[in-house]
Amino acid sequence: MALEIKSVDSLVGTPISYAYAVKAGPWVFLTGHEAFDWRTGTIDASMSGPAGFPAYGTRHPSRREADFVLRRMADVLREYGTDLSHAIRLDQYYPNPRAVAAYHLSRHDNFGDYIPPSTSVVMERLFGASSTISTSLIAAMPEPGREIRKVYPAGVASAPTSGFVPAVVCDEFVFVAGQMAHNPGTGLDPRAVVPDHAAWAGIPIRRQTEFIIEHKLKPALEAAGSALDQSVKAQIYLADIADAPDCLDVWNEHYAGIPCALTVVPTKSFATVGGIVEINLIALVSDAKRRKEVIEADVPEMAAYGPHLKVGEFFLPSGLMAVGHDGSIIGRDVSSSFAGLAHAGYTQAAALYDYLGALCHAAGTAMDQLLRAQYFVADVAAFSGIATAWLSRYGAQPHPFLCVETPSPMPAPVCAMIGDFWISTATP
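Using our numbering, the first residue of the sequence shown is number 21, and each one after it goes up by one.
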């Protein structure tokens, strides 16, 4: 199954070949879409407004930006023979909360009555300096056997302003939207809150993580005909990366003996005031013919927080960091002296590609089957080094990437990035 890739050979006039869309059989991936011209980097006048009066108009600039992004995504899907009504997952990143409300208005207009499971978080900065929205999407082809079943579990809902379906089932996969320890419209659930008057009544991150797993993820999976042990991939977004040990301790209590790829990402803020963690999840239905297979290779244990899984036509590694076998970030002794070379971006991306190469070999696939790459970076300027590492390793192969800057700190000192990848296992 050869990939059908749509790409720009020279992203903003550079040697970077950007794959803005990848189709693998019945699945379509649109990754890292922001509202600028991919070839020139210019902002369309429909978004920027008149040069002397950019605020002129009846729509907020972020709304105009969202309209541009979603219409372009719809056009790309149409070229493949599918559309927004067949989307099964959305990931959205913003540099400020004001853009979220504008984007939601556009999303309702463009998606109509069905908005797929969604994750929205606020980050420090996006790839384009003026971008206020970065969107990625996974869609299915409109084929028999790939119908989308919408799931509305009791107690697992989205706010009306957001309006996404909490979970969907498509071709044995369950996609659960990003979940927080809240009740839409009323804020944090009291069961997830440590009372203000109590100094030793629990730890907030543990309370919220436990609540999400017990009262959001489990009910969503059950309603979809699945269960926790069918989980295959999760992303955990944390407002304070120092909370990772407690969050992961709770996670591992529930996931002991359950292989599930896991990516942990620092995040600036969320939709709910007081919310400090959001988790999205992908699973298989309980009667799925696909099976999970743990993939192992010579990759340092501390380079990832979870196992790496082969699941049917997908290889789903856990989020990777460039941690060496000695527990130190690769290149750390040199990178700080050569920021002008984006040395940290280059050396750490090269290490990630080494790890991925070994894992892909063990999974029976290769990086020319990459479907999407999400780079969560400490400084967006690190992408210059990432691009250099990609070019030196893979040449002109189009790169289906998203790059967003997280708040500091990262999980490990001088860690420049966390990489989250999807790779096809189908034989070309």
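Cβ coordinates follow ideal geometry from the N, Cα and C atoms, glycine included.
By the criterion of a C-beta distance shorter than 8 Å, HIS128 is surrounded in its chain by ILE135 and GLY183, once the five residues flanking it on both sides are discounted. Assigned with DSSP and collapsed to three states, ASN116 falls in coil, not helix or strand. Excluding its 5 nearest sequence neighbours in each direction, THR292 has C-beta neighbours in its own chain below 7 Å: MET200, HIS202, GLY207 and LEU208, listed in chain order. For LEU157 and ALA219, the gap between their C-alpha atoms comes out near 42 Å. Residue pairing of PHE195 in beta bridges, as defined by DSSP: VAL188 and ILE302. Linking GLY52 to THR283 through their CA atoms gives a straight-line distance of about 17 Å. DSSP, read as helix, strand or coil, puts GLY295 in coil. With distances taken between CA atoms, ASN272 lies nearest to GLU230 out of GLY198, HIS106, GLU230 and ASP87. Taking C-beta separations shorter than 6 Å and ignoring five residues to either side along the sequence, the partners of ALA407 in its chain run ILE36, following chain order.
Within its own chain, the residues whose Cβ lies closer than 6 Å to the Cβ of ALA243, once the five positions on either side in sequence are excluded, are VAL171 and PRO173, listed in chain order. GLN228 is a Cβ neighbour of ALA212, given a cutoff of 7 Å. By the C-beta density criterion, TYR76 is exposed, having fewer than 16 other C-beta atoms within 10 angstroms.
CA-CA distance, LYS26 to ALA39, rounds to 6 Å.
Note that the C-beta distance between GLU425 and GLU167 is not below 7 Å. In this structure ILE302 is in contact with VAL252, their Cβ atoms being roughly 5 Å apart against a cut-off of 8 Å. Counting C-beta pairs closer than 8 Å gives fewer than three between the region 358-365 and the region 375-382, which falls short of the contact rule.
ILE25: not part of any alpha helix (DSSP H); member of the beta strand (DSSP E) spanning 24-28, first to last residue.
The region 200-275 is shown to contain whole beta strand (DSSP E) runs of 3 or more residues at 251-258, in chain order. When only Cα atoms are considered, MET341 and GLN394 end up about 12 Å apart. Here LEU110 is near SER138, since their CB atoms are less than 7 Å apart. With distances taken between CA atoms, ASN130 lies nearest to LEU104 out of LEU104, TRP47, THR152 and SER154. Runs of the alpha helix (DSSP H) lying entirely within the region 324-358 and spanning at least 4 residues, in chain order: 352-355.
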